[in-house]
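Numbering (the numbering used here), first residue to last: 33 to 477.
Inspection log for the structure reproduced underneath, given as structure tokens.
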Ligand SMILES: [Zn+2]
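Structure, rendered in structure tokens:
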């Protein structure tokens with residue numbers, strides 16, 4: 033039997049009663065100070081250096097003379113090591129490497145796959161971890177071509193420059209959760225670098241509570257010339273890996289996978305920090321015909337989302353540089369917008385820092401469904417660092433959490449609203465008012 037339920041008679045405060053939604057704490061000054069340090073010029077310099085390796089194709093790993101993937105990853109690792117000097121010893125840098133055997137598909141020969149990971153150690157007991165990820169490898173029209181250039185300025189020199197910049201401005205942070213800054217190899221051959229790393233985290237029982245993947249995040253002009261400098265797309269999967277569709281139909285949590293809760297949290301958090309920039313949630317795993325490294329985290333059972341620019345120009349992706357019928361193909365830096373990429377980087381930093389400085393997501397959240405009644409009994413496990421908890425609710429047809437109820441420092445509560453009519457979430461709040469990602473309660477009889 034679960035713990036004694038606490039009856040709560042306070043009603044939800046409605047968003048309309050406040051200038052800001054009831055769940056929105058004021059921006060944190062420590063986070064705002066980190067955002068102010070994000071530099072479009074430094075991001076551009078990082079991007080230029082990545083392009084200067086000529087190609088970062090996974091199969092260019094044996095090249096010498098400053099060309100190819102091995103030179104690129106050595107340089108990325110050196111950047112992280114330099115950045116780590118400001119961390120007081122909390123940031124370390126490592127390569128996650130293995131030999132991938134020829135697979136008869138896009139791995140055309142045995143090849144060393146090697147990702148670069150910088151880690152800021154958190155001070156909390158346990159292994160709660162958040163990841164900001166990108167892939168540094170590039171490709172052109174032929175997957176295995178290492179002869180021609182593959183500049184990969186946007187795909188994914190943009191995400192990689194954003195990850196390095198975020199590590200730079202966050203290096204001195206003393207977070208509660210551990211933060212990983214990951215630049216993966218071999219995304220273009222089938223997510224190999226990220227899959228290896230995500231599986232290693234799973235095997236080590238690391239409590240990964242979110243991956244923010246950045247892939248193609250540096251251009252604000254679309255293929256019809258449209259300019260969209262004010263937002264970023266935010267993709268997330270509907271059902272957690274392994275979810276039973278029959279249960280989802282019964283519970284109505286088709287819009288409440290851990291990844292979707294992470295996306296919702298990212299939007300609600302990131303939108304508060306930049307007046308002229310927001311995330312547009314896209315409620316699907318990824319774009320059609322395309323994949324990304326967040327899927328490796330999803331497959332390993334971890335919440336993960338993907339950021340991608342508003343409108344892609346497919347003549348600038350996976351193309352050997354050339355001009356054909358008057359159309360220029362190739363992933364060149366001249367198509368990028370570094371003020372835009374700085375906004376994307378700030379967005380990531382605001383979300384990542386809020387996650388890692390705030391409390392984690394309650395484990396084993398449950399709604400008790402053994403009685404036919406018109407109230408809702410919720411239970412969950414205590415979260416390290418939580419001062420109290422909030423129950424959030426929304427209509428089953430609403431996209432975002434709208435109302436929050438402060439239930440105090442308890443791990444069980446009864447709220448006077450029907451479990452049949454509402455969706456609920458439970459989130460931890462720390463002593464500074466920082467909220468964590470809500471947990472969606474699953475039914476327990
Ligand atoms: Zn990519």
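From the three backbone atoms N, C-alpha and C, an ideal C-beta is built for every residue, glycine too.
Nearest CA to the CA of residue 219: which residue from 385, 146 and 284? 146
Assign residue 466 to one of two classes, buried (16 or more other C-beta atoms within 10 Å of its C-beta) or exposed (fewer than that). buried
Return helix, strand or coil for residue 412, following the three-state DSSP convention. coil
Note down, one range per segment and in chain order, each alpha helix (DSSP H) of at least 4 residues found wholly within the region 219–302. 224–235 and 277–283
With residue 174 and residue 90 assumed to form a contact (beta carbons below 8 Å), what rounded beta-carbon distance in angstroms separates them? Contact doesn't hold; Cβ gap of about 13 Å is too wide.
At a cut-off of 7 Å, is residue 348 close to ligand 1 when judged by its beta-carbon and the heavy atoms of the ligand? no
Within the same chain, show all residues whose beta-carbon is closer than 8 Å to that of residue 99, passing over the 5 residues directly before and after it, in chain order. 85, 86, 87 and 92
Nonlocal neighbours in the same chain, by C-beta distance under 8 Å from residue 293, ignoring five residues either side: 335, 393, 457, 469, 470, 471 and 472
Cα-Cα separation between residue 463 and residue 285, rounded to whole angstroms: 30 Å
Is residue 349 closer than 8 Å to residue 187 when the C-beta atoms are compared? yes
For residue 132, count the other beta carbons within 10 Å of its own beta carbon; 16 or more makes it buried, fewer makes it exposed. Which is it? buried
I need the boundaries of the beta strand (DSSP E) containing residue 427, first residue and last residue. 420–427
When every heavy atom of ligand 1 is checked, does at least one fall within less than 7 Å of the C-beta of residue 312? no
If residue 221 sits next to residue 149, beta carbons under 8 Å apart, how far is it from one beta carbon to the other, in whole angstroms? With a Cβ gap of about 19 Å, residue 221 and residue 149 do not count as contacting.
Does the region 237–244 come close enough to the region 417–426 that 3 or more CB-CB pairs lie under 8 Å? no
Let's see if you can read the secondary structure: which residues bound the alpha helix (DSSP H) around residue 328? 326–331
Comparing the CB of residue 413 with every heavy atom of ligand 1, is any distance shorter than 7 Å? no
How is residue 475 classed by DSSP in three states: helix, strand or coil? strand
Is it buried or exposed for residue 208, if we count other Cβ within 10 angstroms and need 16 for buried? buried
Please enumerate, following chain order, all residues with a beta carbon closer than 5 Å to at least one heavy atom belonging to ligand 1. 187, 188 and 247
Suppose contacts are defined by Cβ-Cβ distances below 8 Å. Is residue 346 in contact with residue 230 by that definition? no
Determine, using beta-carbon pairs with one atom in the region 189–196 and one in the region 372–385, whether at least three such pairs fall under 8 Å. yes
Measuring CB to CB, does residue 324 end up less than 8 Å from residue 245? yes
Backbone secondary structure at residue 139 - three-state DSSP: coil
Taking its Cβ as the centre, do 16 or more other Cβ atoms sit within 10 Å of residue 359, making it buried, or is it exposed? exposed
Using a Cβ-Cβ cutoff of less than 6 Å, which residues in the same chain neighbour residue 151 once the five nearest sequence positions on both sides are dropped? 124 and 212
Chain-order list of residues whose beta-carbon lies under 8 Å from that of residue 306 (same chain, five-residue window excluded): 67, 375, 378, 379 and 382
DSSP three-state assignment for residue 456, whether helix, strand or coil: strand
Starting from the Cα of residue 353, find the closest Cα among 117, 107 and 183 and give me that residue. 183
Find the nearest neighbour of residue 181 within the set 408, 276 and 95, judged by alpha-carbon distance. 95
Is residue 215 closer than 8 Å to residue 314 when the C-beta atoms are compared? no
Counting along the chain, where does the beta strand (DSSP E) carrying residue 132 start and finish? 123–132
In terms of residues, what are the limits of the beta strand (DSSP E) holding residue 400? 398–400
With a threshold of 8 Å on Cβ separation, who are the neighbours of residue 122 within its own chain once the five nearest residues in sequence on each side are excluded? 152, 153 and 206
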